[in-house]
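Q: There's a structure below that I have some questions on.
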Amino acid sequence: MTDDVITLENVKIERDGGVTFVILNRPEKRNAMSPQLHLDMCEALDWAADDDQTRVVVITGAGGNFCAGQDLKLFFRANEGNPKAMRKTGNASQAWRWDKLSRFPKATIAMVHGYCFGGGFTPVIACDFAIAADDATFGLSEVNWGIIPGGLVAWAVTQIMGYRDAIYYSVTGDKFSGKEAAAMKFVNKSVPVANLRDEVMVLARKLEAKSPSAVQYTKEAVRSVRGMSQDQAYDYLECKSNALKALDPEKGREKAMKMFLDDKVFKPGLGEFKRD
Ligand code: ACO
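Everything in the sequence shown is counted per this note's numbering, starting at 11 for the first residue and increasing by one.
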């Protein structure tokens with residue numbers, strides 16, 4: 011671990027080599043998202059995107075919980091009747107949970123333990139990968155206190171859940187476990203909570219070892235083609251491939267081809283080539 015990281019009020023940053031943990035840090039409030047936390051998360055993600063050492067970002071929560079959703083007191087009640095304040099914190103809230111995270115230039119993993127409610131779903135969905143503790147508790151609890159899963163939550167859940175599940179969990183507010191989340195592919199997998207960090211690190215190390223440009227362009231391509239017609243996708247993917255070829259500072263494609271075709275020291279089907 012090094013300490014050359016930014017310090018924020020409601021967000022903690024920790025390093026493990028090229029893996030940077032961005033941690034929602036209001037454990038006494040189960041990491042409910044206050045306006046300050048939203049501003050801090052915007053700052054943290056901007057910092058991590060530009061930080062040369064960071065190859066992979068893990069989003070998680072301090073104190074054994076992921077996030078208890080929006081802070082009902084500081085996000086909702088305190089902003090009531092103040093549209094300017096609501097707009098400012100609302101924008102920051104959307105910016106990090108969807109815009110910045112879903113377009114983040116490096117691999118992202120949501121590490122979910124304990125509670126994850128309401129607005130806490132959005133960053134889980136926006137991350138490229140999600141691994142949960144078997145006994146994590148997910149819930150779209152909005153309906154239980156008379157609101158809808160707004161702020162993009164209803165839209166985000168339909169990006170990842172089947173329609174029946176999206177309707178069921180949004181309308182009933184029923185909780186589901188990490189194990190159930192894995193069964194419905196809301197997360198990639200669930201593991202016993204004692205193994206959660208190790209499991210996340212296995213994936214993070216795998217991602218860390220790959221070409222950063224190939225990871226970035228691949229995730230951008232997969233995300234973007236979802237909303238395209240076949241014709242658009244052909245055209246876009248050709249442009250995207252050419253952009254990667256031209257702009258990859260490591261020239262991974264050329265190096266890998268030489269190692270496979272000329273030097274015969276590398277088999278792409280079996281793993282990544284050794285990067286400089
Ligand atoms: N907003 C504001 N404060 C919260 C929130 C929240 N979403 N969640 C927890 N807290 C606060 C509690 O008020 C309490 O504060 P206090 O110590 O000053 O009284 C503290 O965090 C601890 O919470 P407890 O309820 O005492 O903890 P417990 O572990 O028993 O329960 C749980 C945790 C299940 C998360 C419960 O607090 C809860 O139901 N929270 C609300 C979850 C929710 O519905 N979130 C909103 C979703 S909708 C949206 O995000 C748009």
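Glycine included, each C-beta is placed from N, C-alpha and C at the ideal position.
Based on DSSP bridge pairs, tell me the residues matched to A140.
A: A140 is bridged to A120.
Q: Rounded to whole angstroms, what is the Cα-Cα separation between K277 and K268?
A: Looking at the two C-alpha atoms, the distance is approximately 11 Å.
Q: Could you tell me if the beta carbon of F127 falls within a distance shorter than 7 Å of some heavy atom in the ligand ACO?
A: Correct: F127 has its Cβ closer than 7 Å to the ligand ACO.
Q: Pair every Cβ in the segment 99-115 with every Cβ in the segment 47-56, then say whether three or more of these pairs are closer than 8 Å.
A: Short answer: they touch.
Q: So what does DSSP say about M43, is it helix, strand or coil?
A: In this structure, M43 counts as strand in the three-state DSSP scheme.
Q: When DSSP labels each residue in this structure, what does L150 get in the three-state scheme?
A: Reduced to three states, the DSSP call for L150 is coil.
Q: What residue range does the beta strand (DSSP E) around L34 cover?
A: First-last of the beta strand (DSSP E) with L34: V29 to L34.
Q: With a threshold of 7 Å, establish whether the CB of Q46 neighbours any heavy atom of the ligand ACO.
A: No, Cβ of Q46 sits at least 7 Å from all heavy atoms of the ligand ACO.
Q: Going by Cα to Cα distance, which pick from Q169, L84, L18 and G73 is closest to W57?
A: Nearest option by C-alpha distance: L18.
Q: According to DSSP, simplified to helix, strand and coil, what is V66?
A: V66: strand per DSSP, three-state reduction.
Q: Is S151 a contact residue of the ligand ACO, with contact defined as CB to any heavy atom under 7 Å?
A: Correct: S151 has its Cβ closer than 7 Å to the ligand ACO.
Q: Distance, Cα to Cα, N22 vs R40?
A: Asn is not the amino acid found at residue 22; the sequence shown has Lys there. Each residue's alpha carbon lies about 14 Å from the other.
Q: Closest by CA to S187, which one among V225, L84, G124 and A219?
A: Of the candidates V225, L84, G124 and A219, the one whose C-alpha sits nearest the C-alpha of S187 is G124.
Q: With a Cβ-Cβ cutoff of 8 Å, do V122 and A136 count as a contact?
A: It is not a contact, given that the beta carbons lie outside the stated cut-off.
Q: Curious, which full-length beta strand (DSSP E) runs of at least 3 residues does the segment 181-212 contain?
A: For the segment 181-212, whole beta strand (DSSP E) runs of length 3 or above, ordered along the chain, are 185-187 and 199-201.
Q: Checking 8 Å against the spacing of the C-beta atoms, do S200 and A105 come in under that value?
A: In this structure, A105 does not lie closer than 8 Å to S200 by Cβ.
Q: Does DSSP classify K22 as helix, strand or coil?
A: In this structure, K22 counts as strand in the three-state DSSP scheme.
Q: If you draw a straight line from the alpha carbon of S239 to that of E248, how long is it in whole angstroms?
A: Cα to Cα, S239 sits roughly 14 Å from E248.
Q: Reducing DSSP to helix, strand and coil, say where M11 ends up.
A: Legend: pLDDT at M11 = 43, less than 50; position of this residue unreliable, value from coordinates given subsequently. Coil.
Q: Let me confirm a value: T12 is counted as buried when at least 16 other C-beta atoms fall within 10 Å, else exposed. Which label applies?
A: Summary for T12: the model assigns pLDDT 48, below 50, so the residue's position carries little reliability; its value from the coordinates is reported in the next sentence. Flag for T12 reads exposed.
Q: Could you check whether the Cβ of Q226 sits closer than 7 Å to any heavy atom belonging to the ligand ACO?
A: Because no heavy atom of the ligand ACO lies under 7 Å away, the Cβ of Q226 does not count as near it: no.
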